[in-house]
Amino acid sequence: MLEKINQTADFLRSKVTDMPKIAIILGTGLGPIVDHMEDKQYIPYGEIPNFPVSTVEGHSGNLIFGRLGDKRVIAMQGRFHYYEGYDMKAVTFPVRVFKALGVETLFVSNASGGMNKEFVVGDVMTITDHINLFPEHPLRGKNYNELGTRFPAMTNAYDKELMALADKIAEENGIRLMHGVYVGVTGPTFETPAEYEFYRVIGGDCVGMSTVPEVIVANHAGMRVYGISVITDLGGKDVTQVPTHEEVQQAALIAQPKCLTIMKELVNRC
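Residue numbers (this note's numbering): 35 to 304.
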């Protein structure tokens with residue numbers, strides 16, 4: 035594992051001279067944020083040693099180096115999901131590589147289904163905590179001390195200072211920014227009404243099929259993390275609408291300007 039991480043990091047160093055300290059993982063429908071980056075350098079996943087290839091519609095599959103505002107960033111345009119058949123080591127491999135490249139802060143975004151009764155489609159939500167319901171843990175197996183401690187605490191998995199800064203940015207820009215707990219599940223099926231209700235009862239505000247593994251590994255690696263969810267559909271025992279992937283993408287695109295404002299300002303103020 036260490037050899038693969040170092041091989042991939044060395045390859046990227048050979049392509050990029052000014053390595054960023056910030057990485058952003060862009061979720062479903064949020065890839066267009068890269069349109070606001072400048073001095074971009076695209077590296078397709080297929081050209082990167084040991085990188086998986088995203089198979090999901092709406093995930094372009096590029097690693098992009100450039101500037102977002104005044105800060106240099108790595109943008110991951112398309113992520114890897116457990117439901118695609120990858121194991122957790124593959125899903126979180128890019129985060130390991132980011133750490134090897136010197137990344138200190140990770141921003142993650144996703145599309146999610148909301149079960150908080152206060153939410154409406156198109157809301158954006160700061161992830162304050164998560165509930166991990168994936169059947170495989172990304173830290174399962176041999177622990178490499180070079181990568182992190184055997185038993186990392188997840189008490190502050192999402193950085194409180196970054197959350198407070200996001201609140202300030204949202205207020206300054208008139209953005210309704212919700213707070214809540216993200217429930218991570220395998221997918222690829224959308225949840226049943228009973229499952230939505232169950233996730234709400236156990237403390238969740240929204241549910242999705244990503245993010246949690248990457249956040250766990252980022253914490254294991256000692257990174258600061260900020261997460262944001264776009265509420266692309268609603269679920270529960272009183273909701274009859276049937277969600278589709280196309281509708282999820284459309285809702286995410288509509289919310290994209292709000293995410294862009296928060297992400298861009300956070301990157302430049304952190």
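Heads up, the beta-carbon is just placed ideally off N, CA and C, and yes, glycines get one too.
When beta bridges are read from the DSSP output, histidine 213 appears opposite Thr160. Counting the other CB atoms within 10 Å of its CB gives asparagine 190 a total below 16, which places it among the exposed residues. Cβ atoms of glycine 148 and aspartate 239 come within 8 Å of each other, at about 7 Å.
In the DSSP assignment, the residues bridged to lysine 105 are Leu102. In the DSSP assignment, valine 241 is bridged to Gly147 and Val217. Looking at the backbone, the Cα of tyrosine 192 and that of asparagine 253 are separated by about 9 Å. Proximity to glycine 100 across Asp163, Tyr76 and Lys123 peaks at Tyr76, based on C-alpha coordinates.
A Cβ-Cβ distance of about 4 Å is found for the pair valine 217 and valine 241, placing them in contact under the 8 Å criterion. Check the Cα spacing between threonine 266 and each of Leu167, Gly61 and Asp104: the tightest is with Gly61. Following the DSSP letters along the chain, one finds arginine 130 in no beta strand (DSSP E) but inside the alpha helix (DSSP H) bounded by residues 127-135. DSSP places isoleucine 58 inside the beta strand (DSSP E), whose first and last residues are 56-60. Cα atoms of glutamate 72 and alanine 285: separation of roughly 26 Å, rounded to the nearest angstrom.
Scanning its chain for C-beta atoms nearer than 6 Å, with the 5 sequence neighbours on each side dropped, one finds around asparagine 207 the residues Thr295, in chain order.
Judged by beta-carbon spacing, serine 263 lies beyond the 7 Å limit of isoleucine 98, meaning their Cβ atoms are not closer than that value. For the 7 Å CB-CB criterion, isoleucine 56 and valine 107 form a contact. In this chain, the beta strand (DSSP E) harbouring proline 78 covers 72-78.
Under DSSP, glycine 261 shares a beta bridge with Val142.
Distances from the CA of alanine 187 to each of Leu173, Ala200, Met197 and Glu180 were compared; the closest alpha carbon is that of Leu173. In the three-state DSSP reduction, threonine 42 falls in the helix class (H, G or I). Taking all protein chains shown into account, glutamate 170 has fewer than 16 neighbouring C-beta atoms within 10 Å of its C-beta and is therefore exposed. Cβ neighbours of threonine 139 within its own chain (closer than 7 Å, five residues either side excluded): Lys55, Ile56, Met257, Arg258 and Cys304.
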